[in-house]
Amino acid sequence: MSDLKTIQNETLVGEPMNPGQGQSGAARFPFLAPAEKPGLLGMIESYEVIGLIARGGMGMVFEALDPGLMRRVAIKVLIPQLAASPEARARFLREARAAAAIDHPNVLPVYAVGECQGFPYLVMPLVVGESLHHRLKRNGPLPLDDLLRIALATARGLAAAHERNLIHRDIKPDNVLLETGGGSRVWLADFGLARAVHDSGLTRTGAIAGTPQFLSPEQAAGREVDLRSDLFSFGSMLYAMATGGPPFDERAPIAVLRRITEDSPPPPSEKRNDLPPALEDLIAHLMQKAPDDRPASALEIVES
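Per our numbering, the sequence shown starts with residue 114, numbered consecutively.
Set out below in structure tokens:
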């Protein structure tokens, strides 16, 4: 099996993410303390919250200012449905602290982890960029050089986590962030946060935003997962990068789960003709139904 670096070597011969706008004080959240300055949404501990950036299946992301270091940051707060579960809160904090220990240029750093008014939160850099999901939605399949560059960077970040025996559990284009504005940085984000959803008792399809096209068969079947679960999801993401869409693209979540556990997607080469055979073989290897038939960890698919 060729690794991604070899495939890249053999093959190679936007718009910024909205960082959030100031919002009126009328938009209230139970974990926010009153703002100490005009024009702020509120306070999370010492952080001055400027506005809401995004809301997803697991958390709400706010733009904020860290007044101590005078830098803009993003703060992810666990949504109320999950924050109500002691198990989910504890898991969120535990996994976030584990992720904070990963020091790698392709892993989005975690600056701080805490709890405010019973709501766990983590503090991250404010990325000027977009998610891989938005890039694919706007442009469709990636050019081969971009595909390999982003895939290799993501795999390296995942390998750094796997070296610590940390499972991501939610590899998908939404969790890969791409720098814009002339930069080319790639970050893998949201390590381990999907575990909080699992521990909350919420149904899997209700807890994950959108349809669960990037779950592994063992996740879809509700079985225990290990590092190899991430690799199936990574293979599904490579498939989407190559073809413009996920390998299992049904409208109903239950139909997606069934196809993940029972079916094989058509080869990516049926949808584009410039893919190196080694890349298609790698995607097929990653997307084997049985974990024992996949690579053991991301370490196997990046440059030694």
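Each residue gets a CB set at the ideal place from its N, CA and C atoms; glycine is no exception. Please read these numbers as outputs of a predicted model, since none were measured by experiment.
Heavy atom of the ligand MN within 7 Å of residue i beta-carbon
i    : result
G170 : No copy of the ligand MN occurs in the structure displayed, which carries no ligand at all.
Contact set for residue i: own chain, Cβ-Cβ below 6 Å, skip 5 residues either direction
i    : result
E413 : none
R341 : P404 and R407
V174 : I166, A167, A187 and K189
H217 : G270 and A273
D287 : S244 and H246
E292 : G242 and R298
L255 : M354
A302 : L221, N288 and L290
G319 : For G319, the predicted structure reports a pLDDT of 38, less than 50, and the residue's modelled location is therefore unreliable. A value from the coordinates is still provided. Cβ within range, chain order: n/a, list empty.
Cβ distance (whole Å) where residue i is taken to contact residue j below 8 Å
i    : j    : result
L370 : P408 : Contact flag wrong, Cβ pair sits at about 23 Å.
F232 : A196 : 5 Å
H275 : S410 : 4 Å
A209 : V220 : Incorrect: roughly 13 Å between the Cβ atoms, too far for contact.
A264 : L351 : 6 Å
V236 : Y224 : 4 Å
E363 : R372 : 6 Å
Cutoff 8 Å; reference residue i; Cβ partners in own chain excluding five residues on either side
i    : result
M156 : L145, A146, P147, A148, E149 and V162
L206 : V226, E228 and P233
V338 : I280, R282, S329, E331 and Q332
For residue j and residue i, the rounded distance between their alpha carbons
i    : j    : result
G242 : P378 : 31 Å
R269 : P381 : 23 Å
N278 : P151 : 45 Å
G323 : D179 : With a pLDDT of 41 at G323, under the threshold of 50, the modelled position of that residue is not reliable, and no figure is offered here.
D376 : I192 : 34 Å
I284 : G348 : 9 Å
E393 : D387 : 11 Å
D343 : A212 : 15 Å
N252 : C229 : 39 Å
G181 : P238 : 15 Å
S159 : M183 : 12 Å
S198 : I396 : 37 Å
D259 : F304 : 23 Å
G169 : E200 : 20 Å
I215 : P222 : 8 Å
P389 : R262 : 14 Å
A391 : H398 : 10 Å
F345 : G172 : 24 Å
W300 : A368 : 31 Å
R202 : F361 : 31 Å
Residue i vs residue j beta-carbon contact at 8 Å
i    : j    : result
V190 : S244 : no
M354 : L249 : yes
F327 : P359 : yes
R385 : T356 : yes
Cβ shell of residue i (< 7 Å), same chain only, five flanking positions each side left out
i    : result
A334 : T374
K402 : P330
E57  : Lying before the first or after the last residue shown, residue 57 is absent from the chain, which here runs from 114 to 417.
G296 : none
L153 : E161, V162 and I163
### Task
Scan the segment 328–403 and note each continuous alpha helix (DSSP H) run of 4 residues or more that stays entirely inside, going in chain order.
330–333, 340–356, 366–375 and 390–399
Review point. Can you list the beta strand (DSSP E) stretches of 3 or more residues lying completely in the segment 177–210, in chain order?
Key: 184–191
| request: Write down every uninterrupted run of the alpha helix (DSSP H) in the segment 213–284 whose length is 4 residues or greater and which is fully enclosed by it, in chain order. | output: 245–252 and 257–276
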